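Below: one structure, written as structure tokens.
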Amino acid sequence: MENEFDILNGTDEFPYPTSIVRTDFKNFDDEEIDEFLYKNHRFTSMDVLIKELSDLSKNLNQTLLDLVNNDYHDFIKLGKSINGGLDLINIISGDLKGFKLELISYKNKFNTGYKSINNLLVKRQKLIELKTSGKLCLLLHDQAIEFDNCIEEKNSDLSTQLKKL
């Protein structure tokens with residue numbers, strides 16, 4: 011007798027079958043469907059359960075179809091509203107491609123200019139080295155002449171001294 015009392019959830023009244031409604035599945039939490047039906051609808055006949063679940067399935071399918079159709083209609087509206095936007099995007103894309111080519115051209119010119127400047131700086135450095143070498147050669151030449159002059163002067167002084175002797 012105690013077992014029967016547990017089945018009736020602590021009451022001694024016979025439970026009436028309840029219909030399955032959409033909100034029954036709101037807190038479903040991945041339970042096994044058999045366990046869910048046993049807890050909530052065990053006193054409902056199988057024929058009624060099958061009919062109610064079929065009706066719920068049809069209702070959910072129709073709701074899903076309505077949602078898709080509504081969203082599809084909005085999607086079509088959006089597509090029509092941006093129809094002129096594609097032409098604008100193509101125009102801007104063409105302008106951007108032209109701008110990109112222009113930038114590449116300027117980049118190439120700058121790279122060529124940098125290479126030319128670098129070559130000129132290398133040549134300038136070589137010219138500075140040549141100029142320095144030239145100045146050193148002139149200085150050495152002047153010192154050699156001065157040395158020759160000093161030697162001649164010493165030789166002439168020495169030869170006059172020798173003559174005096």
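Residue numbering for the sequence shown follows the numbering used here, starting at 11 and increasing by one per position.
Even glycine gets a Cβ: it sits at the ideal position worked out from N, Cα and C.
If you're wondering where the values come from, they're calculated on a predicted model, not measured in any experiment.
_Just verifying my parser: in three-state terms, what is the DSSP assignment at lysine 36?_
Counted from its first residue, the sequence shown places residue 36 at position 26. Looking at lysine 36 - three-state DSSP - the assignment turns out to be coil, as it is neither helix nor strand.
*Compute the distance between the beta-carbons of leucine 63 and isoleucine 30, then report whether it is under 8 Å.*
Counting from 1 along the sequence shown, the entry for residue 63 is found at position 53. Counting from 1 along the sequence shown, the entry for residue 30 is found at position 20. Cβ distance < 8 Å, so leucine 63 and isoleucine 30 count as in contact.
*DSSP three-state call for threonine 73: helix, strand or coil?*
Looking up residue 73 in the sequence shown gives position 63. Note: threonine 73 maps to helix in three-state DSSP.
_Cβ-Cβ distance between threonine 8 and histidine 51 below 8 Å_ = The first residue shown for the chain is 11 and the last is 175, placing residue 8 beyond what the model contains.
*May I ask you to report which of helix, strand or coil DSSP gives tyrosine 82?*
Taking the sequence shown and counting its residues from 1, one reaches residue 82 at position 72. Helix, per DSSP.
*Sequence-distant residues of the same chain with beta carbon closer than 8 Å to serine 55, five excluded per side*: The residue labelled residue 55 in the question sits at position 45 within the sequence shown. Answer for serine 55: Pro27, listed in chain order.
*Quick one: measure Cβ to Cβ for leucine 74 and leucine 59, integer angstroms, because I've assumed they're closer than 8 Å.*
Your numbering for residue 74 matches position 64 in the sequence shown. Your numbering for residue 59 matches position 49 in the sequence shown. The Cβ separation is near 22 Å, so there is no contact.
*Close beta carbons around aspartate 84, own chain, < 8 Å, minus the five adjacent residues each side*: Position 74 of the sequence shown, counting from 1, holds the residue named residue 84. Within the same chain, and ignoring the five residues on either side of aspartate 84 in sequence, no residue has its Cβ closer than 8 Å to its Cβ.
*Let me know the alpha helix (DSSP H) ranges lying completely inside the region 90-137, each 4 residues or longer, listed in chain order.*
You should have found no qualifying run.
*Just how far apart, CA to CA, sit glycine 104 and leucine 111?*
Within the sequence shown, residue 104 is the residue found at index 94, counting from 1. Within the sequence shown, residue 111 is the residue found at index 101, counting from 1. The straight-line gap separating the alpha-carbon atoms of glycine 104 and leucine 111 is approximately 11 Å.
*With DSSP collapsed to three states, give me the class of tyrosine 26.*
As a first step, residue 26 must be located in the sequence shown, where it is residue number 16. The three-state secondary structure of tyrosine 26, taken from DSSP, is coil.
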